[in-house]
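Listed in order, the protein sequences are those of chains A and B.
Counting along the first sequence from 1, when you hit position 150 you're at 150 in the UniProt record's numbering, and nothing is skipped either side.
Counting along the second sequence from 1, when you hit position 221 you're at 221 in the UniProt record's numbering, and nothing is skipped either side.
Even glycine gets a Cβ: it sits at the ideal position worked out from N, Cα and C.
Report on one structure; see the data block that follows.
2 protein chains.
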Amino acid sequence: MTSTPPSTTEALDSVLDRARTASEKLENLRPADTARMLRGIADTLDAAGEELVPLAQRESNLPEGRLCGELARTTFQLRLFGDLVEEGAHLAATIDSPDPEWPTGARPDLRRVHLPIGPVLVFAASNFPFAFSVAGGDTASALAAGCPVVVKAHPGHPDLSRRTAALVEGALAEAGAPEGTFALVEGTDTARAALLDERIRAGAFTGSHGGGRALFDLACSRAEPIPFYAEMGSVNPAFVTPEAARRRGAEIARGYLDSYTLGVGQFCTKPGLLFVPREQQSTFEETLLAEVAKRSAAPMLNPDIEHAFHDTLASLRGHPAVRELVAGTSTEEGVSPTLLATGASEFLEHSDELLRECFGPVSVLVGYSDTTELFRVAERFSGELTATVHGEEDEQPVASLFGILRRRAGRLVWNGWPTGVSVTHAMQHGGPYPATTAPTHTSVGTAAVERFLRPVSFQNSPQAVLPEALRDDNPLGIPRRVDGVRHS
Amino acid sequence: MTSTPPSTTEALDSVLDRARTASEKLENLRPADTARMLRGIADTLDAAGEELVPLAQRESNLPEGRLCGELARTTFQLRLFGDLVEEGAHLAATIDSPDPEWPTGARPDLRRVHLPIGPVLVFAASNFPFAFSVAGGDTASALAAGCPVVVKAHPGHPDLSRRTAALVEGALAEAGAPEGTFALVEGTDTARAALLDERIRAGAFTGSHGGGRALFDLACSRAEPIPFYAEMGSVNPAFVTPEAARRRGAEIARGYLDSYTLGVGQFCTKPGLLFVPREQQSTFEETLLAEVAKRSAAPMLNPDIEHAFHDTLASLRGHPAVRELVAGTSTEEGVSPTLLATGASEFLEHSDELLRECFGPVSVLVGYSDTTELFRVAERFSGELTATVHGEEDEQPVASLFGILRRRAGRLVWNGWPTGVSVTHAMQHGGPYPATTAPTHTSVGTAAVERFLRPVSFQNSPQAVLPEALRDDNPLGIPRRVDGVRHS
Numbered sequence: 001m002t003s004t005p006p007s008t009t010e011a012l013d014s015v016l017d018r019a020r021t022a023s024e025k026l027e028n029l030r031p032a033d034t035a036r037m038l039r040g041i042a043d044t045l046d047a048a049g050e051e052l053v054p055l056a057q058r059e060s061n062l063p064e065g066r067l068c069g070e071l072a073r074t075t076f077q078l079r080l081f082g083d084l085v086e087e088g089a090h091l092a093a094t095i096d097s098p099d100p101e102w103p104t105g106a107r108p109d110l111r112r113v114h115l116p117i118g119p120v121l122v123f124a125a126s127n128f129p130f131a132f133s134v135a136g137g138d139t140a141s142a143l144a145a146g147c148p149v150v151v152k153a154h155p156g157h158p159d160l161s162r163r164t165a166a167l168v169e170g171a172l173a174e175a176g177a178p179e180g181t182f183a184l185v186e187g188t189d190t191a192r193a194a195l196l197d198e199r200i201r202a203g204a205f206t207g208s209h210g211g212g213r214a215l216f217d218l219a220c221s222r223a224e225p226i227p228f229y230a231e232m233g234s235v236n237p238a239f240v241t242p243e244a245a246r247r248r249g250a251e252i253a254r255g256y257l258d259s260y261t262l263g264v265g266q267f268c269t270k271p272g273l274l275f276v277p278r279e280q281q282s283t284f285e286e287t288l289l290a291e292v293a294k295r296s297a298a299p300m301l302n303p304d305i306e307h308a309f310h311d312t313l314a315s316l317r318g319h320p321a322v323r324e325l326v327a328g329t330s331t332e333e334g335v336s337p338t339l340l341a342t343g344a345s346e347f348l349e350h351s352d353e354l355l356r357e358c359f360g361p362v363s364v365l366v367g368y369s370d371t372t373e374l375f376r377v378a379e380r381f382s383g384e385l386t387a388t389v390h391g392e393e394d395e396q397p398v399a400s401l402f403g404i405l406r407r408r409a410g411r412l413v414w415n416g417w418p419t420g421v422s423v424t425h426a427m428q429h430g431g432p433y434p435a436t437t438a439p440t441h442t443s444v445g446t447a448a449v450e451r452f453l454r455p456v457s458f459q460n461s462p463q464a465v466l467p468e469a470l471r472d473d474n475p476l477g478i479p480r481r482v483d484g485v486r487h488s
Numbered sequence: 001m002t003s004t005p006p007s008t009t010e011a012l013d014s015v016l017d018r019a020r021t022a023s024e025k026l027e028n029l030r031p032a033d034t035a036r037m038l039r040g041i042a043d044t045l046d047a048a049g050e051e052l053v054p055l056a057q058r059e060s061n062l063p064e065g066r067l068c069g070e071l072a073r074t075t076f077q078l079r080l081f082g083d084l085v086e087e088g089a090h091l092a093a094t095i096d097s098p099d100p101e102w103p104t105g106a107r108p109d110l111r112r113v114h115l116p117i118g119p120v121l122v123f124a125a126s127n128f129p130f131a132f133s134v135a136g137g138d139t140a141s142a143l144a145a146g147c148p149v150v151v152k153a154h155p156g157h158p159d160l161s162r163r164t165a166a167l168v169e170g171a172l173a174e175a176g177a178p179e180g181t182f183a184l185v186e187g188t189d190t191a192r193a194a195l196l197d198e199r200i201r202a203g204a205f206t207g208s209h210g211g212g213r214a215l216f217d218l219a220c221s222r223a224e225p226i227p228f229y230a231e232m233g234s235v236n237p238a239f240v241t242p243e244a245a246r247r248r249g250a251e252i253a254r255g256y257l258d259s260y261t262l263g264v265g266q267f268c269t270k271p272g273l274l275f276v277p278r279e280q281q282s283t284f285e286e287t288l289l290a291e292v293a294k295r296s297a298a299p300m301l302n303p304d305i306e307h308a309f310h311d312t313l314a315s316l317r318g319h320p321a322v323r324e325l326v327a328g329t330s331t332e333e334g335v336s337p338t339l340l341a342t343g344a345s346e347f348l349e350h351s352d353e354l355l356r357e358c359f360g361p362v363s364v365l366v367g368y369s370d371t372t373e374l375f376r377v378a379e380r381f382s383g384e385l386t387a388t389v390h391g392e393e394d395e396q397p398v399a400s401l402f403g404i405l406r407r408r409a410g411r412l413v414w415n416g417w418p419t420g421v422s423v424t425h426a427m428q429h430g431g432p433y434p435a436t437t438a439p440t441h442t443s444v445g446t447a448a449v450e451r452f453l454r455p456v457s458f459q460n461s462p463q464a465v466l467p468e469a470l471r472d473d474n475p476l477g478i479p480r481r482v483d484g485v486r487h488s
């Protein structure tokens, strides 16, 4: 049914050669052909749901309903990128006609378009075995850009990875994709060798800070450095204003608990800190104490993740500035939520330790004394995927808080929770370091394709050698900017 | 008239503090205000031309006509970015309305826009004392993005740098820019300290490969790495097809000589290699020998540049695979052109040494035996700012040659020369490493602004906290994508 993917450097060599050969063919495909590939993968995975979901359940401990939803999200994402490719706006096709009067000297005929960057190495994540794994967002956006993809399988779900890869390869072959468009590899050493190989032109990663930073450093250390897009998670602070706490404290407390325990706390957008007014802190604590007790334990993704969770949790709960409100348990049924608490002044004093992401069902409630302290804690963050504000529209601190937070996070959430990451045009899933290594990009949403495109200009070139996107008669019918004027 | 800019770390600290403070004010400016700043700088520099050009002549040895043209280019560039800011397409404003039926789960109201990345450190170049220096393209594009700029002056033209900086600061103050929007610093140690400082959020550089790579490595080594956009020049190969050589060999030879000696060969787009059919090589050599003799010597930018030129030239002309056709001289009048030659098989054998950029008036003529060898040499390049083809439209190898070269260069030039870099929407001045450290970006043309923008999404947020670009009534009147539909 599935064979073992390359995990030796010899086998890797042939994978990378095939990827390079595919690269040269993919860049000449028409948008309709690329879209057909993406939709073919989506159809194939949808049709295999009854096989894939149980495999994912067995290897990830995630419930069936969640996995069915995640598979649907994954195939929708592939199709959305197919639509994007056919629309063609991502090519940013731009034409400037010759202009002898141009102020910087006679302007030649210049035409600029985005071309694929070349073979992309994708590091799959464990917590979304479909949406951020073999056929997930990085793969979909790289294929949409016209790049071959080599996926490094996450060891958390090896059988699902292999089976998904076989289905992707089959779907690509059926859609007429060049051989070598997609490959799966396994093993850390193989992946490191691939990342250092000149045939790989960009890397994408979703996972821990330690892993992401080590791979980013490796990509930058190459004789020919390449872009490396690592999404490394964050603490995702949430802030409750005084007025919101007074009016809707209990509702906010329940929403917070739902969000930080969703998926057993294994979301990179989990709210790891909730800042509440000190005078309301005890009310929040009482509500949460009553609610946490009702939550049952659930298994984490795999023993490695659970082990890492307990390690980080131990250092958090053992911290002298931290009070433990609810001590989660760890039994055969799984892990139950932990709730910790501290004050804003303690947070400010110990923010280095308290800003560590703890991947799992734990969060820290932090009481702040006044607006000045609220702003001071908000200013302590440097790079977050998300920041959340619960407040009232006419409340004084809200605008300032947004002003502080929008410099520090990729997505600002108002009166909601950050754990749902919609796949749309307007999604931003990224942020300044340490949330990611690439603050100018997103890894979710259609703009994710931009990571894998490089611009090329053609000067005075004949129609026959121009990419179709740049030819006079616009055979692809795509939006272009011509002599400064944008045409939709 | 001008004071000495900060060159101590104490003074730097205050520069960076002011830049950070300015950053928070700049991001709330309206486009018209930012455009007024850019146009104010342009007007001020234009008005000071009679003072600045002689200063530049004295410090760069470049002729008056060239410097007047370069100043005009620089101020045009500032105004073009002003126009871009007012148009607003670079903000990529995107709105997705709430949609309960969205396939990945009920979609919230999501709105995405590009915000400034924060204070930018610009390393000025020596060879364009206006266009790639204090008020050059990096500064203009960073200001257009809404970022404060700290320029590290190039030591090649200290007085011009200081005077330009004083004029820029004055123009900014008059245009109402926040204090700290712009600053000049001097000295390598100061610049290194700035690059490592957390208040600097991106860096841009134009210069040598050694300098660019060292600074890129430093930027990546930070506890919080930042994007570093280094444009490090390249060899810019030019290829002459058999038919073009037969029909227009002498004309091409003269154009080549004009291009590689333009500005005493001190352009990052200088054609450093010309590949010609072997059977035409002697004709090319004869034409060039006659023409080179007519060219007079001219002074290089400064003694450091001339010294580096002679060092690199010595290793090239002393290479066993290289023949010296014309030995340039170096006298009090300056440096006269050198012309070297080799064969394609020698080039393939020694490409590591022959692919080194030699900044100055030298180029290498390379004879190739047939189309197969032509393609093989083209494939040897990995990252070039430009690649040039002289050919006939209906000639067989042209399409394949473009296919090979467009994967390796940022700009492809047909039947022309790469040394003119027009400032337009469709310009791409960049390329894969080693031409730059950022293959997905350009440092010339309006797209250069993208380097200094980071996307942020707002989820379900009240109108009052949204950037104007995202408000319902589109008060800026900018192009946006709303529910997937692009509105110009």
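Residue-chain proximity (residue i, chain A), Cβ-Cβ < 8 Å
i	result
T104 (chain B)	yes
R406 (chain B)	yes
A321 (chain B)	no
Cβ-Cβ separation, residue j to residue i (assumed contact under 8 Å), whole Å
i	j	result
G383 (chain B)	R408 (chain B)	7 Å
L115 (chain A)	E27 (chain A)	6 Å
S208 (chain B)	G187 (chain B)	Rounded, the Cβ-Cβ distance is 18 Å, inconsistent with contact.
C358 (chain A)	T312 (chain A)	4 Å
Cutoff 7 Å; reference residue i; Cβ partners in own chain excluding five residues on either side
i	result
E286 (chain B)	none
P432 (chain B)	S382, G383, R408, P439
Q57 (chain A)	E64, L67
Residues of its chain near residue i, where Cβ-Cβ distance is below 6 Å and the 5 sequence neighbours each way are ignored
i	result
A250 (chain A)	T287
E346 (chain B)	A321
E333 (chain A)	A297
Under 8 Å from the C-beta of residue i: neighbouring residues of chain B
i	result
G416 (chain A)	P108, Q459, N460
Q428 (chain A)	R112, P455, V456, S457
Interface residues of chain A facing residue i [CB-CB closer than 9 Å]
i	result
Y433 (chain B)	R222, A223, E224, P225, I226
S382 (chain B)	E198, E224
Pair within 8 Å by beta-carbon distance, residue i and residue j
i	j	result
I95 (chain A)	V364 (chain A)	no
T442 (chain A)	T269 (chain A)	no
S422 (chain B)	T104 (chain A)	yes
R406 (chain A)	V456 (chain B)	yes
R39 (chain B)	L84 (chain B)	no
H429 (chain B)	E231 (chain B)	yes
E291 (chain B)	R254 (chain B)	yes
F182 (chain B)	V149 (chain B)	yes
Chain A residues whose Cβ lies nearer than 8 Å to that of residue i
i	result
I117 (chain B)	P439, T440
G65 (chain B)	Within chain A, no residue comes near G65 (chain B); the closest Cβ sits about 12 Å away, beyond 8 Å.
Same chain only: Cβ atoms within 8 Å of residue i, ignoring 5 sequence neighbours per side
i	result
P479 (chain A)	E87, G88, A89, A93, R486, H487, S488
L466 (chain A)	R111, F458
C-beta neighbour in chain B for residue i, strict 8 Å
i	result
V235 (chain A)	no
S161 (chain A)	no
E393 (chain A)	yes
V413 (chain A)	yes
Proximal chain B residues relative to residue i, where beta-carbon distance stays under 7 Å
i	result
H425 (chain A)	T94, D96, R481, G484
S259 (chain A)	None at all; the shortest Cβ gap to chain B is about 13 Å.
F76 (chain A)	P103, T104
Partners in chain B for residue i, counting only beta-carbon separations shorter than 9 Å
i	result
G410 (chain A)	R454, P455, V456, S457
Contact list for residue i against chain A, beta-carbon separation under 7 Å
i	result
F402 (chain B)	V465
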